[in-house]
Amino acid sequence: MSLKYQDLSLFVMPPGFRGRSAWFVQLWWIVQALLFQPSPQIFYRWRVFLLRCFGATIGKGVMVRPSASVTYPWKLSIGDHSWVGDEVVLYTLGNITLGSHTVISQRSYLCAGSHDIGDIRFTITNESIEIGDQCWIASDVFVGPGVKVGSGTVVGARSTVTRDLPTGVIAHGSPARPARPRSPSQRG
């Protein structure tokens, strides 16, 4: 007798999971491939315009690099003067909120979805991610579903964030843990 952990033939996408119709999702993916990603690096306003056309809530002065990827823009919110770096993946199966003056550095992956490993149908799940104001998520960081990162927090390069992080700390590691407080700038 063989144990069965998952049977993908039983998988069904929950109704309304994507938040928009299948044709709208496909239209976004075509626009992203043909108009967003090939755009010149300095066309930040163009990319923000496209994201807003597809339902993203984006503040002023936001810079999103052309190689960034957004699964469902209607589940994305970015505050004023924030940056999204090269090859960042915003896997918006659930809502992703980035605060103002926040940086998501190159090759970071924010994953707002997963699967229920206790369900033989491998049911897809989503949990929101919230990154506060004035945060820096450094290069190649993974942020998992349901995570909240407090304002002013820095997450060191190549860290894995699977649990909430408090406000105003420098955290790193796999899993990421606070290492010390972040001192506010004396300038500005």
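Numbering (numbering that gives the first Met the number 0), first residue to last: 0 to 187. Ideal Cβ positions, reconstructed from N, Cα and C, are used throughout, including at glycine. None of these values were measured; they are calculated from a predicted model.
Rounded separation between residue i and residue j - CA only
| i | j | result |
| --- | --- | --- |
| C52 | L2 | 47 Å |
| G98 | G58 | 9 Å |
| F10 | V69 | 24 Å |
| S184 | G78 | 20 Å |
| M12 | A21 | 11 Å |
| G117 | Y43 | 42 Å |
| I230 | I128 | Outside the shown range of the chain (0 to 187) lies residue 230, about which nothing can therefore be said. |
| V88 | V140 | 10 Å |
| D6 | S113 | 16 Å |
Residues near residue i in its chain [Cβ-Cβ closer than 7 Å; skip 5 each side]
| i | result |
| --- | --- |
| R46 | F35, S38, V63, P65 |
| K74 | G18, T91, G93, N94, I95 |
| G172 | S158 |
| E126 | G93, A111, P144, G145 |
Spatial neighbours of residue i in its chain, beta-carbon cut-off 6 Å, leaving aside the 5 residues before and after
| i | result |
| --- | --- |
| R179 | I169 |
| P72 | L50, F53, G54, A55 |
| G155 | A137, H171 |
| Q105 | G84, D85, E86, S138 |
| S82 | For clarity, residue 82 is Trp in the given sequence; the question names Ser instead. Same-chain partners within the cutoff: M62, V102. |
| T122 | D115 |
| L109 | L89, I95, I128, V142 |
Beta strand (DSSP E) segment containing residue i, residue limits
| i | result |
| --- | --- |
| C110 | 108 to 110 |
| I116 | Taken as a continuous stretch (DSSP letters only), I116 belongs to no beta strand (DSSP E), as it is neither H nor E. |
| V88 | 88 to 90 |
| A178 | 175 to 180 |
| E126 | Where E126 is concerned, there is no enclosing beta strand (DSSP E), given that its DSSP letter is neither H nor E. |
| V168 | 168 to 172 |
| T96 | 95 to 97 |
| S76 | 75 to 77 |
Host alpha helix (DSSP H) of residue i (start-end)
| i | result |
| --- | --- |
| R44 | 43 to 52 |
| V24 | 21 to 30 |
Identity of the residues DSSP links to residue i by a beta bridge
| i | result |
| --- | --- |
| M62 | W82 |
| K196 | There is simply no residue 196 to check, as the chain begins at 0 and stops at 187 in what is shown. |
Own chain residues within Cβ distance below 8 Å of residue i, not counting five before or after
| i | result |
| --- | --- |
| P165 | G149, T152, P177 |
With contact counted as at least three CB pairs below 8 Å, one residue from each stretch, are the stretch 136 to 147 and the stretch 21 to 33 in contact? no
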